[in-house]
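Notes follow the structure.
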Amino acid sequence: MNGSAYTGDMLVGEIIRRDPRNIAILESAGMGCVGCPASQSESLDDACMVHGMNAAEVLDMLNGSNA
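Take the position in the sequence shown, starting the count at 1, then add 2; the result is the number in the working numbering.
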């Protein structure tokens, strides 16, 4: 991972740009629309809420896999 840990207020698009491998992590967590235009302006917290996902669990996956 480049830089500091991922946070819920980061845009999904930024998370993907920082490390494209995060696409697979997000998809495995159940976020199937990581390529949609909304991902460029939607925070991870908001995306998780829309998809009925637990943002803390997704952040654990992102930060743990990229440590």
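All residues carry an ideal CB built from backbone N, CA and C; glycine is no exception.
Backbone CA spacing between M63 and I25 [nearest angstrom]: Residue numbering aside, residue 63 sits at position 61 when the sequence shown is read from its first letter. Residue numbering aside, residue 25 sits at position 23 when the sequence shown is read from its first letter. Spanning the two alpha carbons is a distance of roughly 12 Å.
Cβ neighbours of M55 in the same chain (closer than 7 Å, five flanking residues each side left out)
Stepping through the sequence shown from its first residue, residue 55 is reached at position 53. Same-chain partners within the cutoff: A31, G32 and M33.
Handout entry: Whole-angstrom distance between D11 and S45, CA atom to CA atom
Key = The residue you call residue 45 lines up with position 43 of the sequence shown. The residue you call residue 11 lines up with position 9 of the sequence shown. Per the coordinates, the alpha-carbon of S45 lies some 5 Å from the alpha-carbon of D11.
### Query
Who does L13 pair with in a DSSP beta bridge?
Against the sequence shown, residue 13 aligns to sequence position 11. Answer is S45.
Nearest-angstrom Cα distance between M3 and G15?
Your numbering for residue 3 matches position 1 in the sequence shown. Your numbering for residue 15 matches position 13 in the sequence shown. For M3, the predicted structure reports a pLDDT of 47, less than 50, and the residue's modelled location is therefore unreliable. The matter cannot be settled from this model.
With DSSP collapsed to three states, give me the class of A7.
Start at 1 with the first residue of the sequence shown, and residue 7 comes out as number 5. Reduced to three states, the DSSP call for A7 is coil.
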